[in-house]
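Numbering (my numbering), first residue to last: 1 to 493.
Heads up, the beta-carbon is just placed ideally off N, CA and C, and yes, glycines get one too.
What follows is a single structure, written as structure tokens, with notes after it.
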């Protein structure tokens, strides 16, 4: 009897644990799905609330039927240039020649803060502002942006939101998730601290992170920008970027038609814009009529997505958002490009294996940065504007740069075995801003001291403080001195 009782008890406990685990997974899945849905649909494309001159809008320039129909604000200066750049093969593989790379200088899109997030926010922030001010209690509403402590999107929102008419009190930053400490990432945190914008360092407190995110995601008035800007409103700007690129290549002949485009992929917003934009360019007859031997090489930069999301899942996500974008554009009067999307998606290559830990400067990434620094601009003349090497940051562009160099190494091996193999025409999408914004040094340092100990220690590991203070940063409330490199990047010499 005792044996039967023990067996029955163990079996009951096992069933209870199995049921509890299944229930936990189910509830967690439903909550996760609801959170993703809220993030995706919180800020949708809006119609403008007042008349605005759309002549400077890149998307409207190439699709005039959209004029006056989309909430939009100018944040950048376009077109962004295409620069010819040379990398010595002696640093890559082959000692006798160099490799030519064309750079799409999205990093120069704005003198305040450039990079791919400028185009992301040109439709997204105005849409958020329209929706927020239409809420029942707009005075209580806030636009939240979330990302890792080294997020470029959080910096872009903080530094550019005022150009859309959003005040510092209407913006909030949530630093969430885990990200490796690095010089580039520490600079992004310091940039935000130099502004009066509310910033919550939640990445050092998981419980506080869950509570705050739940509160924001369940708010009836707050608007939340999805991580990386990955929704229709965020993709629209990059559709315009590709139409601009098609004009530069096929109409103005600034470079030959590319065989491949290299870019980093975080949320996939820019990649989705490239796919949708090429499909739209084909429909409009602006270019990319032939996709033979053409590839988009997107490099995942987060270790979790790189490890657990296969190429099929990545493409499914990009396909879903691209289709939503194409349908939205068609609803507002643009040509329908959905039939072309599958053809372009076939050209998308997910280049995995370069992420390591999110935000970390890998050995491959550092090598790519060094090789780019040793490159040159062959077409630069004394009468043309000064050209500088794009910023290969620890989180994003160094990883797509490493993938690009491995591509050249593989090509050199093929060319050595098969003389006469044509050199590929490569375009590198420069997504990291060339400038690092800052507002007030005193405010920055005061807010840095007020950060939690773990956050200050993380900042110090990034190497932005003078060497003598690195060990102390985060351990006691002192006003650390920024080193010369950090001061130069933040334009605070």
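Item checked: Distance between beta carbons of residue 313 and residue 268, contact taken as under 8 Å -> With 8 Å as the limit, residue 268 and residue 313 do not qualify as a contact, their Cβ atoms being about 11 Å apart.
Margin query: For residue 410 and residue 47, I'd like the C-alpha separation in whole angstroms.
Written below: 48 Å
Next item on the list: Pick helix, strand or coil for residue 348, following the three-state DSSP scheme.
Entry: strand
Margin query: With three or more C-beta pairs closer than 8 Å as the rule, is the segment 301-308 touching the segment 349-365?
Written below: yes
Checklist line | residue 31 versus residue 42 - alpha carbon distance | finding: With a pLDDT of 49 at residue 31, under the threshold of 50, the modelled position of that residue is not reliable, and no figure is offered here.
Margin query: Can you tell me whether residue 365 is helix, strand or coil according to DSSP?
Written below: helix
Checklist line | Backbone secondary structure at residue 487 - three-state DSSP | finding: Residue state, collapsed to three classes: helix.
Notebook entry, point to check: Once you ignore the five residues that flank residue 396 on each side, which residues in its own chain have a CB closer than 8 Å to its CB?
Noted result: Once the five neighbours on either side are set aside, the close Cβ partners of residue 396 are 152, 264, 266, 301, 431, 432.
Checklist line | DSSP beta-bridge partners of residue 518 | finding: Given that the chain is displayed from residue 1 to residue 493, the structure contains no residue 518 and the question cannot be resolved.
Notebook entry, point to check: Helix or strand or just coil, what does DSSP make of residue 359?
Noted result: Three-state result, residue 359: coil.
Margin query: Checking the sheet assignment: what are the DSSP bridge partners for residue 260?
Written below: 295, 426
Check: What residue ranges within the segment 109-162 form continuous alpha helix (DSSP H) runs of no fewer than 4 residues, ordered along the chain?
Finding: 117-133, 152-160
Check: In whole angstroms, what separates the C-alpha of residue 451 from that of residue 117?
Finding: 26 Å
Checklist line | In chain order, each alpha helix (DSSP H) run of at least 4 residues that lies wholly inside the segment 179-262 | finding: Inside the segment 179-262, DSSP marks whole alpha helix (DSSP H) runs of 4 or more residues at positions 183-193, 206-217, 232-246, from first to last along the chain.
Check: Going along the chain, which residues of its own chain have a beta-carbon closer than 7 Å to the beta-carbon of residue 377, five neighbours each way excluded?
Finding: 83, 84, 85, 387
Checklist line | Nearest candidate by alpha-carbon position, reference residue 447, set 398, 197, 74 | finding: 197
Next item on the list: Figure out for me which residue from 461, 98, 100, 161 has the closest Cα to the Cα of residue 119.
Entry: 161
Check: Can the beta-carbon of residue 347 be found less than 7 Å from the beta-carbon of residue 295?
Finding: yes
Notebook entry, point to check: Would residue 434 pass as a contact of residue 190 if the rule is Cβ separation under 7 Å?
Noted result: no
Check: What do you reckon, is the C-beta of residue 393 under 6 Å from a heavy atom of the ligand PLP?
Finding: No copy of the ligand PLP occurs in the structure displayed, which carries no ligand at all.
Check: With burial defined as no fewer than 16 other Cβ atoms inside 10 Å of the residue's Cβ, what is the status of residue 167: buried or exposed?
Finding: By the neighbour-count rule (16 or more Cβ atoms within 10 Å), residue 167 is not buried but exposed.
Check: Using the beta-carbon count (16 or more within 10 Å), is residue 149 buried or exposed?
Finding: buried
Margin query: Helix, strand or coil for residue 172? Go by DSSP, reduced to three states.
Written below: strand
Checklist line | Residue range of the unbroken alpha helix (DSSP H) whose run includes residue 458 | finding: Its alpha helix (DSSP H) spans residues 453-461.
Notebook entry, point to check: Taking Cβ to Cβ, would you say residue 514 is nearer than 7 Å to residue 192?
Noted result: Residue numbering for the chain in the displayed model covers 1 to 493; residue 514 lies beyond these limits and cannot be assessed.
Next item on the list: May I have the straight-line CA-CA distance separating residue 476 from residue 459, to the nearest angstrom?
Entry: Confidence in residue 476 is poor, its pLDDT being 42 and thus under 50, which makes the residue's placement unreliable; the coordinate value appears in the next sentence. Distance between the alpha carbons of residue 476 and residue 459 is about 13 Å.
Next item on the list: Name the two residues that bound the continuous alpha helix (DSSP H) containing residue 448.
Entry: Where residue 448 is concerned, the enclosing alpha helix (DSSP H) stretches over 441-450.
Check: For residue 376, which beta-bridge partners are listed by DSSP?
Finding: Residue pairing for residue 376: DSSP places it in a beta bridge opposite 86.
Notebook entry, point to check: Near residue 71, which residues of its chain fall below 6 Å by C-beta distance, leaving aside the five closest residues on each side in sequence?
Noted result: 46, 48, 126, 127, 130
Notebook entry, point to check: Nearest to residue 38 by CA position, among 427, 62, 230, 315, is which residue?
Noted result: 230
Margin query: Is it buried or exposed, residue 398, if we count other Cβ atoms within 10 angstroms and call 16 or more buried?
Written below: buried
Margin query: For a test of the three-state rule: what should DSSP assign to residue 482, helix, strand or coil?
Written below: strand
Next item on the list: Could you tell me if residue 482 is buried or exposed, where buried requires 16 or more neighbouring beta carbons within 10 angstroms of its beta carbon?
Entry: buried
Next item on the list: Report all residues from its chain with a CB closer than 6 Å to the CB of residue 240; omit the five preceding and five following residues, and keep chain order.
Entry: Hits under 6 Å: 58, 59.
Note to self: With H, G and I counted as helix, E and B as strand and the rest as coil, what does DSSP make of residue 300?
What the structure shows: strand
Next item on the list: Going by CA-CA distance only, name the one from 101, 61, 488 that's closest to residue 424.
Entry: 101
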